[in-house]
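Notes for the one structure printed next.
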Amino acid sequence: MKLVSSLLVFLALPLCLSAQSLNEFRWKSRVIILFAPSLDDPLFLKQYAALDDAREALQERRTVVLMVTPEGVHENSGLFLAESSSEYFYNQFSAQPYQLELSLVGLDGTEKYRAKNTVTPVSVLLELVDGMPMRQRELQRGTGNRSQINSKDPTPDIPDGKN
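If you count by mature numbering (1 follows the signal peptide of the UniProt record, and there is no 0), then the sequence shown holds residues -21 to -1, 1 to 142, one letter each, in order.
Structure (structure tokens):
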């Protein structure tokens, strides 16, 4: 119930975002795009709960979470996109409409990591972000902290991917 309440709070604001929204995040925020068959999909709920538990660590790393379903797009600060905008995201990222996919997009707007049909431990995402050159500069300048999160899952090896 707590998870559903959190999700509703995230989706409560009636703001709109254009389909070209990733351009608005470029150089300002990293973006985790969570493609899900529906907002009540069991894998989505597990992944969302893990991301929600790490909200502070993600915010500290200037990371926004977009939740994309075939019916629309939801952003964790309450922004909502129409169904036509969700089509844009599915096409842009070549995501399959009825499976769980997670994509991490860096400050430069390029995809850094992709996972399909699995719950990605947040520790993997945080390690990926902390290893990015721009994040390293933030840490050196003292504009970001390297927070630790309590994770029940041991951190698996990070798969080879784009950096």
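Ideal Cβ placement from N, Cα and C applies to all residues, glycine included.
Residue nearest to residue i in terms of C-alpha spacing, selected from the options
i    : options                : result
E90  : Y77, V10, P112         : V10
L22  : M46, R5, T42, K7       : M46
P49  : A94, Q115, R114, D19   : D19
T97  : L83, F4, Q78, V108     : Q78
E117 : K25, S17, R41          : R41
K25  : T99, V43, A94          : T99
S8   : G88, R120, V103, T122  : G88
F4   : E35, E39, S17, V44     : V44
P30  : D109, V103, P112, G110 : Reading off the sequence shown, one finds Leu at residue 30, where the question assumed Pro. For L30, the nearest C-alpha among the options comes from V103.
T122 : S17, E39, E35          : E39
DSSP beta-bridge partners of residue i
i   : result
E90 : V84
F14 : V47, E80
D9  : Going by the sequence as given, residue 9 is Arg instead of Asp. According to DSSP, R9 bridges with T42.
Beta-carbon gap between residue i and residue j smaller than 9 Å
i   : j    : result
Y69 : P76  : yes
Y27 : L13  : yes
L1  : Q71  : yes
R93 : L105 : no
Integer Cβ distance of residue i from residue j, believed to fall under 8 Å
i           : j    : result
A15         : V101 : So it is not a contact: roughly 17 Å between Cβ atoms.
residue 150 : W6   : The chain is shown only over -21 to 142; residue 150 falls outside these bounds and no answer can be derived.
G51         : S65  : 5 Å
Chain C contact for residue i (CB, 9 Å cutoff)
i   : result
E50 : Considering every chain present, this structure includes no chain C. It has just one protein chain.
Just list the alpha helix (DSSP H) runs in the region 16 to 57, keeping only unbroken ones of 4 residues or longer that don't cross its boundaries, in chain order. Every alpha helix (DSSP H) stretch that sits fully inside the region 16 to 57 and reaches 4 residues is listed by chain position as 21 to 32, 34 to 39.
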